[in-house]
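These notes concern the structure reproduced below.
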Amino acid sequence: MRPRIRDASEKLRSNRTSFDDGDGEGKFHRKHPPPLKAMLSRWRKWMVLVAAIWIQASTGTNFDFSAYSSHLKSVLGISQVRLNYLAVASDLGKAFGWSSGIALGYFPLSVVLFAAATMGFVGYGVQWLVITNIITLPYSLVFLCCLLAGLSICWFNTACFILCIGHFPTNRALALSLTVSFNGISAALYSLAFNAINPSSSNLYLLLNSLVPLIVSFAALFPVLTKPSMDPVPDNESRRHDSHVFAIMNVLAVITSFHLLLSSSSAHVVASARLHFLGAVFLLVFPLCAPLLVYARDYFLPAINIRFNHDSSGYVMLNIDELKTNKAGYEHSGTGNQKNVKDGNVVRLGDEHSFRLLISRLEFWLYYVAYFCGGTIGLVYSNNLGQIAQSLGQSSTTLVTIYSSFSFFGRLLSAAPDFMHKRLHLTRTGWFAIALLPTPIAFFLLAVSTSQVTALQTSTALIGLSSGFIFAAAVSITSDLFGPNSVGVNHNILITNIPIGSLLYGFIAASIYEANASPEIRPVVSDSVVCIGRDCYFKTFLFWGFLSLLGLISSLFLYMRTKPVYHRLEQDRVSVTSSSCKELDPF
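If you count the sequence shown from 1, position 406 lands on 406 in the UniProt record's numbering, and the numbers rise without skipping.
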């Protein structure tokens with residue numbers, strides 16, 4: 001098979017070039033530059049990706065809860081357990097995330113986007129009115145506002161998933177991992193804006209959470225209205241362009257994360273914070289230029305041929321039609337795959353799963369437990385960062401920035417299966433298992449370490465790195481295992497574990513927190529109790545550490561069960577590539 005592919009590739013290259021023997025010298029005729037109109041048409045789909053990046057960067061508002069939770073607790077005069085219920089309410093909104101998929105069946109994507117923005121505007125806006133003492137509301141209504149705000153985040157995420165899958169069918173994993181990565185920098189971005197505007201008022205976080213996503217939705221309206229291209233599977237030239245642009249955007253993402261991480265050290269100076277904030281905004285806008293740079297190079301310098309040997313993901317090279325073709329081929333072959341697929345005994349990547357088939361899969365429940373005992377624990381840890389920092393006498397703003405920045409790094413690393421596929425043959429579920437490893441290490445380090453400052457910052461970075469990878473990789477894994485067309489609904493079913501875990505883990509943490517707030521060491525602010533000391537979260541860290549070990553074990557079982565499936569998909573991809581080369585061979 002390999003010699004045939006090589007011969008087809010050589011003939012294809014020979015068709016792209018010619019030699020003029022009229023004067024006895026071989027003159028190489030260069031390719032004509034692509035039409036400017038075609039380049040602008042391609043640029044529109046990258047506008048959509050950048051718009052999704054903006055939306056994700058502005059809507060990870062649940063990650064900055066710990067920055068204002070202590071103030072909210074004081075204003076409402078509630079216990080740590082009741083404060084935990086507010087965090088649960090925000091996560092509980094994800095349990096209703098499936099409603100966004102239903103809404104997309106009846107309304108345009110732009111309507112769903114602005115519905116999400118409106119829910120966030122009301123949910124966070126009312127909380128801001130409460131925390132600034134402009135209005136007074138009962139606890140139950142504040143709970144509903146948190147629920148509405150959490151639901152808005154899920155609707156935003158669904159809108160971004162649909163944008164990426166619709167406009168990048170052959171590179172959806174790269175597009176998803178890149179856009180979801182920016183959701184991790186929201187807390188650091190809002191912290192920078194907070195320090196640039198008024199670092200003395202923590203209620204500013206709620207005002208920013210309310211207004212910024214709505215403003216960004218208006219800015220992203222034109223790209224969102226852009227229809228996906230109806231072109232067939234892109235040729236090699238288009239794939240090369242896409243590879244270049246994705247590489248540039250990932251480099252810009254790394255620069256952005258370093259910028260936000262380094263900015264936290266001088267964030268207490270207002271003038272410096274404003275300068276860093278403007279720099280962050282510039283880095284978010286600059287990706288619009290990345291595709292123009294690539295296309296302009298090919299337009300003005302068509303003789304340059306930089307060989308970029310990256311062919312996107314080995315797991316997502318097949319589009320939906322190809323998957324259907326392969327499935328049909330198996331059904332008409334003499335193998336037993338047809339019966340197994342119908343009976344639900346074999347999971348094939350790309351096969352669409354209904355709700356009933358989804359919950360009947362052992363792989364789904366292994367995946368569910370791994371997420372429940374991995375990424376969800378990291379999210380609950382971030383919700384409790386405010387009280388953890390307060391109990392140990394540390395700055396919550398610094399820890400929020402560290403968690404957010406390393407969560408962003410983790411999300412960027414979720415693209416590793418796509419970029420390193422040729423060098424390291426490891427499935428996405430294998431990377432998922434590796435990503436869970438830092439979480440138990442971090443919690444046990446927090447439990448046994450005597451150096452509070454170093455251990456707290458190091459562990460926060462490890463947990464952020466691990467949970468960030470899980471949050472970003474989970475979308476592609478759900479698409480791989482249970483079908484790309486059903487990812488909007490199936491992924492929302494998966495993340496129902498988040499509100500369950502938030503309630504369970506948060507309640508246990510809050511109970512231990514209040515049990516250790518003895519009358520001798522606890523100051524009282526309004527009617528709320530504050531625990532000071534290492535014992536406030538010691539048992540919680542041990543409990544979370546052992547639970548994350550369970551998640552790691554579950555992820556290893558998931559990896560072993562899905563490894564053959566990824567291998568079969570790789571064989572399908574090679575088969576399709578070989579067939580394409582034969583079709584391109586005119587002889």
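The beta-carbon is built from N, C-alpha and C at its ideal position, and this holds for glycine as well.
For residue i, the nearest candidate out of the options (CA to CA)
i, options, result
"G60", "I197, T496, Y559 and L206", "L206"
"R274", "I553, S191 and I255", "S191"
"L552", "V380, V212, Y367 and L147", "Y367"
"residue 591", "S354, I512, S202 and T179", "Outside the displayed span of the chain (1 to 587) sits residue 591, for which this structure offers no information."
"R534", "T450, L494 and Q457", "T450"
"T458", "P440, Q571, T136 and I470", "P440"
"T256", "V475, F96, L284 and S243", "L284"
"I493", "L358, L436, L148 and F182", "L358"
"A159", "S360, V224, T429 and L549", "V224"
"G545", "A474, S476, I153 and L445", "L445"
"K73", "N384, L252, R361 and H276", "N384"
"S200", "Y68, T136, P564 and S467", "Y68"
"L549", "F258, L437 and G279", "L437"
"R361", "V475, G184, T136 and N490", "N490"
Same chain only: Cβ atoms within 7 Å of residue i, ignoring 5 sequence neighbours per side
i, result
"L547", "C373 and I377"
"V88", "P499, S502, L503 and G506"
"L204", "F194, I197 and N198"
"A175", "L49, C164 and F168"
"S395", "A389"
"A515", "none"
"W431", "A416, P417 and A473"
"residue 588", "Absent from the model: residue 588. The displayed extent of the chain is 1 to 587, so no value can be given."
Residue environment, residue i, which counts as buried when at least 16 other CB atoms sit within 10 Å
i, result
"N198", "exposed"
"I102", "exposed"
"I388", "buried"
"H567", "exposed"
"F121", "buried"
"K339", "Model confidence at K339 stands at a pLDDT of 37, short of 50, so the residue's coordinates are unreliable; what they give is reported in the following sentence. Classification of K339: exposed, given that the 10 Å Cβ count is below 16."
"A447", "buried"
"V111", "exposed"
"L83", "buried"
"Y106", "exposed"
"F156", "buried"
"I215", "exposed"
"F355", "exposed"
"P108", "exposed"
"Q571", "exposed"
"M119", "buried"
"H425", "exposed"
"S202", "buried"
Within 8 Å, strictly: CB atoms of residue i and residue j
i, j, result
"V48", "L86", "no"
"F541", "F408", "no"
"L260", "A188", "yes"
"H71", "I134", "no"
"S99", "N62", "no"
"S58", "P287", "no"
"V453", "I165", "no"
"R513", "G464", "Checking the sequence, you will find Tyr at residue 513 rather than Arg. No, the Cβ-Cβ distance between Y513 and G464 is not below 8 Å."
"C531", "A517", "yes"
"G97", "I495", "yes"
"L147", "L104", "no"
"S382", "Y537", "no"
"W43", "L292", "yes"
Other residues of its chain near residue i: CB distance less than 6 Å, five sequence neighbours each side excluded
i, result
"L163", "V48 and A52"
"A290", "V245, I248 and M249"
"S126", "Per the sequence shown, residue 126 should be read as Val rather than Ser. The residues are C145."
"L379", "none"
"F406", "A461, G464 and L465"
"S479", "V487"
"F469", "G410, L413, S414 and A435"
Supposed contact pair residue j and residue i - C-beta distance, whole angstroms, cut 8 Å
i, j, result
"S66", "G393", "The Cβ separation is near 15 Å, so there is no contact."
"S177", "A472", "5 Å"
"K227", "G150", "About 31 Å separates the two Cβ atoms, so there is no contact after all."
"S186", "F114", "Contact doesn't hold; Cβ gap of about 19 Å is too wide."
"A173", "W54", "Their Cβ separation, rounded to whole angstroms, is 20 Å, which puts A173 and W54 out of contact at 8 Å."
"N171", "D64", "Wrong, their Cβ atoms sit about 31 Å apart, outside the cutoff."
"Q80", "V400", "So it is not a contact: roughly 18 Å between Cβ atoms."
"G123", "S152", "6 Å"
Close Cβ partners of residue i (< 8 Å) along its chain, the five nearest in sequence each way excluded
i, result
"E363", "V347, L481, L558, R561 and T562"
"V281", "none"
"Y139", "L76, I78 and R82"
"I508", "T540 and F543"
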